[in-house]
Amino acid sequence: MTRRDSYIGTPVERIEDLRFLRGRGQYIDDLNRNGLLHAAVVRSAVAHGRIRSLDTAAALALPGVRAVITAVDLGDNMPTIAVRSESQPSLDRVVQPVMARDKVRYVGEPVALIVAVSAAIAEDAANLVTVEIDALPAVTDRRGLDADAVLLFEECGSNQAATLSAVRGDIERAFKEAEYTRRETFQVHRHAAVPMETRGLIAEWDAARGRMTLTGAAKVPFFVRTALAKMLGLPEHAVDAVETDIGGGFGARGEFFPEDFLIPFAARRLNSPVKWIEDRREHLMATTHAREVECELEIACRRDGSILGLRGRAWTNLGAYARPNAVTPSRNLAQLLPGPYRVPHVHIDVALYVSNKTPVGTYRAPGRFETDFCRERMIDLAAADLGIDRVDMRRKNLLTSAEIPYALPTVLPYGGSGEFDSGEYVVTLERCLGEFDWKTKVALEGRLIDGRYHGLGLGCYVEGGSAGPRENARMALDAQGMVTVTVGASAVGQGLETVFAQIAADALEIPIDHIAAVHHGSTTGIHEGFGSFGSRASVMGGSAILVAAENLKTTIRAAAARRFNCTADEVEVVDGLRAVIAGQQRMTLAALSADGFDAAGTFSNSKRTYSYGAHAAHITVDAQTGQIDILEYVAVEDVGRILNPNTLHGQTVGAIVQGLGGTLLEGMVYDDEGQLQTGSLAAYLIPCAVDFPRIRSIALEQYPSPLNPLGVKGAGEGGIIPVGGVIANAVASALVSFGVQPNALPLSPARVWQMIQNARSPGVA
Amino acid sequence: MQTKFNVNGKTHAVDVEPRLTLVDCLRYTLGLTGTHVGCEHGVCGACTVIIDGKPARACLMLAVQADGANIETVESLADGDTLAPLQASFRRHHALQCGFCTPGMLMTAHALLSTEPDCDENRIREALSGNLCRCTGYIGIVEAVLEARAAYKAPKRGGTP
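Taken in sequence, the protein lines are chains A and B. The first sequence runs 1 to 765 under this note's numbering. The second sequence runs 1001 to 1161 under this note's numbering.
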């Protein structure tokens, strides 16, 4: 018998690790099938143009090639990929067809699919397909919104695909009454999630039963099933989407991509299982990009630094099509603009426009990373103008527990708002300053020591989590007392099996090794699931497990009551779920039922949790080279309740390093013709082991969420949110003697060096 | 093309296309799927194996080039269900999340500690800098390798690492 809550909150070593460490993980490319065929995608090498001809004869003639599928094979009603969340009618006109038919709109767009007996032959054949394209001028940035710009979709009449706004209060009044205002333009560059495992799929068609199984689904398998069934013209119950071990998701993997239709289509047409594994070059041009935005922002304050209002306009580059998550980054950018601060008046308009680049989607903390960069830079700029210490300016404006719940701005045209759930936001800031020893280090600001300028940066954030509407769990107890847990939430490498086992073991008061298995995500295990996004899996899945555990005990008590001839209230489940007692009567569960017991549970939630925190960094800048080094980085967050400190800190630190990569190293670079210049990991630089060695993460649980029985808040994205702003603020602090204000990312050595040159020779550059 | 090499103590004679990479041979011909493929251009290190005592990228080498070689893969580290000290240290320090880069990390670290059991943190970071991890931020990995050094120092009673 274990004590209540003996696993939650402790650094339980991960269950998953036992297979991963021994090379026994089962990632998609580790799986085989009898008679397996292999697919390769022929992709457009031109960013924008009309397809004149497509010659597949040579590819078809290659021995071992079983099929070459082009748009012609897909028929007149070319399936398109719907926007999954918060669509608008205008966006539905720019969704992606699963294969280009007349026009290509980005480098990497599928134009044909080869299926062959081996992956090597499929790739050989892909090189034999001749695609002739009449190139059109490429739209790569906001100039694509000019009146005379080339149109991606002529029928739409504009490259602006949608708009949305976030509003609160009376912005005109705020700016009229303000004693201080300032306007700045900020830019965040295009970068991407880039998990270490590329995407991959195996599709199997059971012709006798009319069933399709798609293995390799991730993040949102139930959505994938619904979408795929519709596109294949099958009933939903005839399609299964199955998860495997997954080599990282970070928001990008698992949304519906063209291949999620093309591979099943090929499997059905050829009546053979078909595998497709994306290569790295493909991944960098085919899997969603993220973050590219320009934001013109204005702040209104009182002279004492109280923020009255934030208003602005932003332009989000969607890439060539509105993919399933096209809207999420823009709506988050707008709604979270005020962040953890008291900003009574807000108005921001966001324009989402299409361009001849890879379509964008969500990447860890979508929109939040971008909006934090703009806001935290703006606060530093305003504080300096007003002669207020930037720490004090944040202290003054952070929301207090007395003001929470606090409503977020309303997002139009959707109308949703929501509210912060709990917290005392200044606590994490003060703890961060203390851990960092800000008071002492602040003396280093702007100082040149051994050829390097020292700078300090600071930033605060909120992280929304636990997206609804609900999540489901099932528990099966066998006659040996072993429990199998199945949850609708998905695992993408974050350690969900372990965290769910901890929650289940505590809820059932059994040793964790009595949890035989934790299944998740796949449509084969449970009737409905909502997946893993928006920091929701632990909160929603974990809460569903609690409900299922209660229901399991109720089921057992009811069965025992019938046997003992007493009421269920008189029955107690004891011995770690292995026996029942009622008065003097006692019976093992094995005797009570040879078949064991099972129960289901659902947790519904329409409100989001909000973790929050503060980060501080100490950096140096080499003015000769523009090189930035991180001497120290400290992160403090309050996550409501810590389920497993190992997995929490692991995700926080990992997210910070991803954020540092995005801020300093990474970038999807295009030329004016829309050619991707960063098509390998030698060109797209993700952080390595020598880059950022000194990072500390501290987690608090002072303000549990009132919204779920665990008190837990979504975590795991928070670490990345403030990084861009923190580092840019630190660069400004280091280069204060030059008056350099870094308002655009990335802070590559070249850009930092150029900013210093421009400051040294004003008017020259 | 006929080629013969030793993998994890077992000799394999295979007949492969000359263009087959070593990693594809290990994974698809021999079924040793513990070694992963992350980039196919030698940058990410997920496919790292140990060839004649030295870490190498199995994606940058043809299977036929390994003729006569002694190859160690991640599958060689544990003794059945018992994790090797390096693996146990990875687990203790939460040095992995999605696990995809882990086999390459382990083999690079194993090769390093087998030859330099006294290496310091900087040396560990340098040696691991050719293995990309997108989940952990490397801190847990470095801590795990630092701790695992003890198991590689001067032969101890009770077995080898």
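Quick reminder that beta carbons are idealized off the backbone N, C-alpha and C, glycines included. These numbers come from a predicted model, not from an experiment.
Distance, residue j Cα to residue i Cα
i                       : j                       : result
residue 499 of chain A  : residue 18 of chain A   : 15 Å
residue 1039 of chain B : residue 107 of chain A  : 19 Å
residue 1158 of chain B : residue 1104 of chain B : With a pLDDT of 48 at residue 1158 of chain B, under the threshold of 50, the predicted position of this residue should be treated as unreliable, though the coordinate-derived value follows. In a straight line, the C-alpha of residue 1158 of chain B is about 27 Å away from that of residue 1104 of chain B.
residue 250 of chain A  : residue 345 of chain A  : 32 Å
residue 1050 of chain B : residue 1007 of chain B : 10 Å
residue 129 of chain A  : residue 230 of chain A  : 30 Å
residue 11 of chain A   : residue 1091 of chain B : 11 Å
residue 68 of chain A   : residue 55 of chain A   : 10 Å
residue 1044 of chain B : residue 1113 of chain B : 20 Å
residue 1147 of chain B : residue 708 of chain A  : 39 Å
residue 1137 of chain B : residue 1057 of chain B : 22 Å
residue 174 of chain A  : residue 397 of chain A  : 16 Å
residue 610 of chain A  : residue 428 of chain A  : 13 Å
residue 735 of chain A  : residue 1125 of chain B : 29 Å
residue 1085 of chain B : residue 272 of chain A  : 44 Å
residue 771 of chain A  : residue 96 of chain A   : In the structure as shown, chain A begins at 1 and stops at 765. Residue 771 of chain A is therefore absent and cannot be evaluated.
residue 1160 of chain B : residue 1151 of chain B : In this predicted model, residue 1160 of chain B has a pLDDT of only 49, less than 50, meaning its place in the structure is not dependable; the value taken from the coordinates is given anyway. About 8 Å.
residue 747 of chain A  : residue 159 of chain A  : 29 Å
residue 758 of chain A  : residue 1037 of chain B : 44 Å
residue 745 of chain A  : residue 89 of chain A   : 32 Å
Among the options, the one whose alpha carbon lies nearest that of residue i
i                       : options                    : result
residue 1009 of chain B : B:1034, B:1070, B:1049     : B:1070
residue 13 of chain A   : A:325, A:496, A:236        : A:496
residue 1094 of chain B : A:389, A:563, A:345, A:650 : A:650
residue 119 of chain A  : A:93, A:70, A:37           : A:37
residue 269 of chain A  : A:298, A:211, A:652, A:246 : A:211
residue 82 of chain A   : A:759, A:94, A:105         : A:94
residue 424 of chain A  : A:489, A:444, A:531, A:639 : A:639
residue 715 of chain A  : A:167, A:688, A:467        : A:467
residue 312 of chain A  : A:168, A:401, A:302        : A:168
residue 153 of chain A  : A:163, A:166, A:138, A:591 : A:138
residue 473 of chain A  : A:465, A:416, A:487, A:286 : A:487
residue 643 of chain A  : A:470, A:293, A:192, A:506 : A:506
residue 178 of chain A  : A:350, A:519, A:307, A:351 : A:307
residue 363 of chain A  : A:102, A:658, A:619        : A:658
residue 209 of chain A  : A:706, A:701, A:530, A:240 : A:240
residue 1083 of chain B : A:72, A:21, A:59, A:668    : A:21
residue 563 of chain A  : A:588, A:574, A:244        : A:588
Rounded Cβ spacing between residue i and residue j (contact assumed at less than 8 Å)
i                       : j                      : result
residue 109 of chain A  : residue 43 of chain A  : 6 Å
residue 766 of chain A  : residue 305 of chain A : The structure shown does not extend to residue 766 of chain A, since chain A is modelled only from 1 to 765, so the question has no answer here.
residue 461 of chain A  : residue 621 of chain A : With a Cβ gap of about 24 Å, residue 461 of chain A and residue 621 of chain A do not count as contacting.
residue 1132 of chain B : residue 681 of chain A : 7 Å
residue 297 of chain A  : residue 186 of chain A : 6 Å
residue 334 of chain A  : residue 166 of chain A : 4 Å
CB of residue i within 7 Å of CB of residue j, strictly
i                       : j                       : result
residue 641 of chain A  : residue 539 of chain A  : no
residue 677 of chain A  : residue 8 of chain A    : no
residue 635 of chain A  : residue 733 of chain A  : no
residue 515 of chain A  : residue 347 of chain A  : no
residue 484 of chain A  : residue 517 of chain A  : yes
residue 261 of chain A  : residue 324 of chain A  : no
residue 435 of chain A  : residue 718 of chain A  : no
residue 767 of chain A  : residue 216 of chain A  : Since the first residue shown for chain A is 1 and the last is 765, residue 767 of chain A is missing from the structure and cannot be characterised.
residue 293 of chain A  : residue 39 of chain A   : no
residue 544 of chain A  : residue 520 of chain A  : no
residue 49 of chain A   : residue 141 of chain A  : no
residue 592 of chain A  : residue 559 of chain A  : yes
residue 195 of chain A  : residue 253 of chain A  : yes
residue 706 of chain A  : residue 422 of chain A  : yes
residue 616 of chain A  : residue 508 of chain A  : no
residue 289 of chain A  : residue 358 of chain A  : yes
residue 409 of chain A  : residue 366 of chain A  : no
residue 1077 of chain B : residue 1087 of chain B : yes
residue 481 of chain A  : residue 551 of chain A  : no
Worksheet entry | Length at least 4, wholly inside the region 416-494 of chain A: the alpha helix (DSSP H) runs in chain order | 425-436, 438-441
Worksheet item: In chain order, which alpha helix (DSSP H) runs of at least 4 residues are fully inside the region 200-260 of chain A?
Response: If we require 4 residues or more, the alpha helix (DSSP H) runs fully inside the region 200-260 of chain A come out as 221-232.
Discussion item. Report the start-end ranges of each alpha helix (DSSP H) in the region 302-376 of chain A that is 4 residues or longer and not cut off at the edges.
Written reply: For the region 302-376 of chain A, whole alpha helix (DSSP H) runs of length 4 or above, ordered along the chain, are 328-335.
Discussion item. Please give the ranges of any beta strand (DSSP E) in the region 132-177 of chain A, keeping only runs that are unbroken, at least 3 residues long and fully inside the region.
Written reply: 160-168
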